[in-house]
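Keeping their order, the protein sequence lines are chains A and B.
Under my numbering, the letters of the first sequence match residues 1 to 156, in that order.
Under my numbering, the letters of the second sequence match residues 1001 to 1399, in that order.
Written out below as structure tokens is the structure these notes cover.
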Amino acid sequence: MTEPLFKIGAAEVDVECLMAEIRAAVEHKQERGVYRDVALAQAERTNLANLQDDETFLRYYLDCLRNAVFIDINDFEIRERRRLGAGMLVGLKKAIWKMLKFYTYRLWSQQNQVNGLLVTALEGLDEKYRNRLRDLERRLAALEEEKAKSCRPPNA
Amino acid sequence: MPTAERIAFVCPRFAEGATVGGAETLLKALARQAVTTGHRVTFLTTCAQNHFTWDNELPPGPRRVGNLDVIFFPVDANRDTQAFLRVQDAISRRSSFTEAEVQSWLKNSVNSSALCAYLQEHSDEFDWIVMGPYLFGLVYFASRLAPAKTLLVPCLHDEGFAYTRSFREMFRNVAGCLFNSEPERALARRLYDLPESCGAVVGMGLDPFEALPDTFARDHGITTPYVIYAGRREDGKGTPLLLDYLTLFLRRTGKNLKLVMAGTGELRPPAELQPHLLDVGFLSEAEKHAAMAGAVAFCHPSINESFGIVILESWLAGTPVLVHARCLVNREHCLKSNGGLWFRIYPEFEEALLTLLQQESLRRSMGAAGRAYVLREYGWSAINRKFNDALRQFAGRRI
Chain A
1 MTEPLFKIGA
11 AEVDVECLMA
21 EIRAAVEHKQ
31 ERGVYRDVAL
41 AQAERTNLAN
51 LQDDETFLRY
61 YLDCLRNAVF
71 IDINDFEIRE
81 RRRLGAGMLV
91 GLKKAIWKML
101 KFYTYRLWSQ
111 QNQVNGLLVT
121 ALEGLDEKYR
131 NRLRDLERRL
141 AALEEEKAKS
151 CRPPNA
Chain B
1001 MPTAERIAFV
1011 CPRFAEGATV
1021 GGAETLLKAL
1031 ARQAVTTGHR
1041 VTFLTTCAQN
1051 HFTWDNELPP
1061 GPRRVGNLDV
1071 IFFPVDANRD
1081 TQAFLRVQDA
1091 ISRRSSFTEA
1101 EVQSWLKNSV
1111 NSSALCAYLQ
1121 EHSDEFDWIV
1131 MGPYLFGLVY
1141 FASRLAPAKT
1151 LLVPCLHDEG
1161 FAYTRSFREM
1171 FRNVAGCLFN
1181 SEPERALARR
1191 LYDLPESCGA
1201 VVGMGLDPFE
1211 ALPDTFARDH
1221 GITTPYVIYA
1231 GRREDGKGTP
1241 LLLDYLTLFL
1251 RRTGKNLKLV
1261 MAGTGELRPP
1271 AELQPHLLDV
1281 GFLSEAEKHA
1291 AMAGAVAFCH
1301 PSINESFGIV
1311 ILESWLAGTP
1321 VLVHARCLVN
1331 REHCLKSNGG
1341 LWFRIYPEFE
1351 EALLTLLQQE
1361 SLRRSMGAAG
1371 RAYVLREYGW
1381 SAINRKFNDA
1391 LRQFAGRRI
């Protein structure tokens, strides 16, 4: 659970300042890994389209996914909805589950590997293009400055 | 300079009873105010009420509604809905489509040949034809009948449809546009290379009201704090995002909070949210205002708004708002009023909602600031002045 890091008491509100504080609090919590949760990535599915041109959104989204790509195959309970013979049916399901383990574990470990590699690849791509953009912007700024200098009249 | 005598308003639906929608409400309100300021007004609309089916539910023909003369025309029955939806999907995803497909989409959109025929025959009787919103075949084809006297109330959003050549031509051909906000005008100018004089920012006035904050909760047996959304419930309005965010918020924070969803459209909430969700469907204006007055915040997750009537109503009810940062119009309202917060991603939503939830004095201050902003900027006297100034401005250009 998260609590706000600040309190506002003044009658006069400045929402711009308030939002700056909210963003700072979010950044601080992001650094602490508070939002590293697959549930966040799921909740953001519909937000992906809204923020597809947002440079920082992909990094945040991948961060949510980072610790969630590795699925725990034992993290579920075998249940039976039918009341009649539920105990026996659960036992049967458990037995089938154990018998198929040699196969499902193989699938599971391969899938986990693929998930992890995909996220790593996406992070790599994101980092690569982010650096490339930064370099190009730096170069552009330098060229613009050079051009401005050369256009300036000698006595200015 | 004389003001216009006779104005026709054209809108695909007439806002009455359960027929809700921002653009419909706005055009009807402008038309009613035009009558009170001395214009002779005829409102042309279709017999449809439901914006999903577009069935002709109302009887065609003229009718007096309040102070308005309204003429209802049937929606054309020969729509190829499948073809319409196929192209609509391509345009909204901004994938590849041809201009011929856009034209076929417009022809299969909501149209009324009877309304267009009437307008064609009677256009000489009107000084101005005010029509909107832009995203309908009916408005597109009607705007071509008498473009020199057509004023568009576009309710424009930054969406795939706005980037098509057909709409570019529509915006460039009409006499002018009546925008709802500065960000909307800036968007139109950017998309269609329009000059500064292409349109005026008018918007809509709101009548102040008083609503008791406890009534709605008492009537619906709500004993916990709640947040509210009111309006169309559909993907384009961002309601699935709100349902997902609220589900996660409740799971992560453990807060006891309800989500009240008012309005029309199907809801598909996650099972986990159902015990915390109160779907009240369509509410009367008074019920809606009471529901807003008792809420912790009004959440508006849509990124496609050209005016944001509901957030202004929420402020009149004294309740702060929480909006999506990508909706420039809503964010600008929040910045100008100091009455709302905004979020771009879930963590910002969580932090902002926790802040509002835990600080009642902040909520009160923001609600009061919002109300003062609406009373100052969106009183009818100010809006009527802007509307009449706009008519004079466009008349001056026409001479």
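The beta carbon of each residue, even a glycine, is placed where N, CA and C say it ideally should be.
The structure displayed is predicted, hence computed values, not measured ones.
Rounded C-beta distance between residue 15 of chain A and residue 1335 of chain B? I'm assuming under 8 angstroms.
-> Here residue 15 of chain A really is in contact with residue 1335 of chain B; their C-beta atoms are around 7 angstroms apart, less than 8 angstroms.
Which one of A:25, A:131, A:73 has the shortest CA to CA distance from residue 111 of chain A?
-> Nearest option by C-alpha distance: A:73.
Quick one: give me the first and last residue of the beta strand (DSSP E) that residue 1319 of chain B is part of.
-> Element bounds for residue 1319 of chain B: n/a, residue is neither H nor E.
Taking the Cβ atom as the reference point for each residue, do residue 1152 of chain B and residue 1171 of chain B lie within a distance shorter than 8 angstroms?
-> Between residue 1152 of chain B and residue 1171 of chain B, the gap from beta carbon to beta carbon is short of 8 angstroms.
Could you work out which residues of chain A lie near residue 1170 of chain B, taking near to mean beta carbons separated by less than 7 angstroms?
-> In chain order: nothing, as chain A lies at least about 26 angstroms away.
Buried or exposed: where does residue 87 of chain A fall if 16 or more other Cβ atoms within 10 Å of its Cβ makes it buried?
-> Residue environment for residue 87 of chain A: exposed (fewer than 16 other C-beta atoms within 10 angstroms of its C-beta).
Mind listing which residues of the region 74-87 of chain A have their C-beta closer than 8 angstroms to chain B's C-betas, in chain order?
-> Taken residue by residue, none of the region 74-87 of chain A has a beta-carbon sitting less than 8 angstroms from a beta-carbon on chain B.
Could you tell me which chain A residues have their CB closer than 9 angstroms to the CB of residue 1267 of chain B, listed as they occur along the chain?
-> Near residue 1267 of chain B there are no residues of chain A at all, since even the closest Cβ is about 14 angstroms away, more than 9 angstroms.
My guess is that residue 1240 of chain B and residue 56 of chain A are in contact by the Cβ rule of under 8 angstroms, so how many angstroms apart are they, rounded?
-> Not really, about 23 angstroms apart at Cβ, beyond 8 angstroms.
Residue 1260 of chain B: beta carbon under 7 angstroms from a heavy atom of the ligand FMN?
-> As for the ligand FMN, it is missing from this structure, which has no ligand bound.
Should the region 1074-1091 of chain B be regarded as contacting the region 1345-1363 of chain B, the criterion being three or more beta carbon pairs within less than 8 angstroms?
-> Because the criterion of three Cβ pairs below 8 angstroms is not met, the region 1074-1091 of chain B and the region 1345-1363 of chain B do not touch.
Could you tell me the distance, in whole angstroms, from the CA atom of residue 94 of chain A to the CA atom of residue 108 of chain A?
-> For residue 94 of chain A and residue 108 of chain A, the distance between alpha carbons rounds to 17 angstroms.
In terms of alpha-carbon separation, which member of B:1008, B:1033, B:1058 lies closest to residue 1016 of chain B?
-> Cα-wise, what sits closest to residue 1016 of chain B is B:1058.
Quick one: what does DSSP say residue 1282 of chain B is sitting in, helix, strand or coil?
-> In this structure, residue 1282 of chain B counts as coil in the three-state DSSP scheme.
Counted within 10 angstroms of its Cβ, other Cβ atoms place residue 1066 of chain B as buried (16 or more) or exposed = If you draw a 10 Å sphere on the C-beta of residue 1066 of chain B, you find fewer than 16 other C-beta atoms in it, and that means exposed.
Residue range of the beta strand (DSSP E) that residue 1062 of chain B falls in?
-> Residue 1062 of chain B -> beta strand (DSSP E) spans 1061-1065.
Would you grab the beta carbon distance between residue 41 of chain A and residue 68 of chain A for me? Rounded to a whole angstrom, and I think it's under 8 angstroms.
-> About 7 angstroms separates the two Cβ atoms, so the contact holds.
Chain-ordered neighbours of residue 1241 of chain B on chain A, where CB pairs are closer than 9 angstroms | The contacting residues are 43, 44, 45, 46, 47, 50.
Are the Cβ atoms of residue 1211 of chain B and residue 1317 of chain B separated by less than 8 angstroms?
-> The Cβ atoms of residue 1211 of chain B and residue 1317 of chain B sit closer than 8 angstroms to each other.
Mind pulling the beta strand (DSSP E) runs of 3 or more residues that sit fully within the region 1335-1380 of chain B?
-> Taking only runs of at least 3 residues, the beta strand (DSSP E) segments lying wholly in the region 1335-1380 of chain B are 1340-1343.
Closest by C-alpha distance to residue 1146 of chain B, when choosing among B:1136, B:1130, B:1157 | It is B:1130 whose Cα lies nearest to the Cα of residue 1146 of chain B.
Between which two residues does the alpha helix (DSSP H) containing residue 129 of chain A stretch?
-> Start and end: 101-151.
Starting from residue 66 of chain A, trace the alpha helix (DSSP H) both ways and give me its first and last residue.
-> In the DSSP assignment, residue 66 of chain A falls within the unbroken alpha helix (DSSP H) covering 57-66.
Work out the CA separation of residue 1243 of chain B and residue 1358 of chain B for me, nearest whole Å.
-> Straight across, the Cα-Cα distance linking residue 1358 of chain B with residue 1243 of chain B is about 21 angstroms.
Compare the C-beta of residue 72 of chain A with all C-beta atoms of chain B and state if any pair is closer than 8 angstroms.
-> Residue contact check for residue 72 of chain A against chain B: no CB pair falls below 8 angstroms.
Are the CB atoms of residue 92 of chain A and residue 82 of chain A nearer to each other than 8 angstroms?
-> No, the Cβ-Cβ distance between residue 92 of chain A and residue 82 of chain A is not below 8 angstroms.
Quick one: what does DSSP say residue 97 of chain A is sitting in, helix, strand or coil?
-> Under the three-state reduction of DSSP output, residue 97 of chain A falls in the helix class.
Short CB-CB distance (under 8 angstroms) between residue 58 of chain A and chain B = So, not an interface residue.
Residues that residue 1199 of chain B bridges to, as DSSP identifies them = In the DSSP assignment, residue 1199 of chain B is bridged to B:1177.
DSSP on residue 1028 of chain B, reduced to helix/strand/coil?
-> It is helical.
Residue 1050 of chain B versus B:1380, B:1024, B:1102, residue with shortest Cα-Cα distance | Out of B:1380, B:1024, B:1102, B:1024 has the C-alpha closest to the C-alpha of residue 1050 of chain B.
The beta strand (DSSP E) with residue 1069 of chain B in it runs from where to where?
-> Its beta strand (DSSP E) spans residues 1068-1073.
Is there a Cβ from chain A that is less than 8 angstroms from the Cβ of residue 1131 of chain B?
-> Chain A contact via Cβ: absent.
Measuring alpha carbon to alpha carbon, tell me which of B:1073, B:1310, B:1084, B:1397 ends up nearest residue 1205 of chain B.
-> That would be B:1310, whose Cα lies nearest to the Cα of residue 1205 of chain B.
Which ranges would you report for the alpha helix (DSSP H) in the region 1204-1274 of chain B if only whole runs of at least 4 residues count?
-> For the region 1204-1274 of chain B, whole alpha helix (DSSP H) runs of length 4 or above, ordered along the chain, are 1215-1219, 1239-1253.
With DSSP as the reference, please indicate the residues paired to residue 1150 of chain B in a beta bridge.
-> B:1129, per the DSSP bridge assignment.
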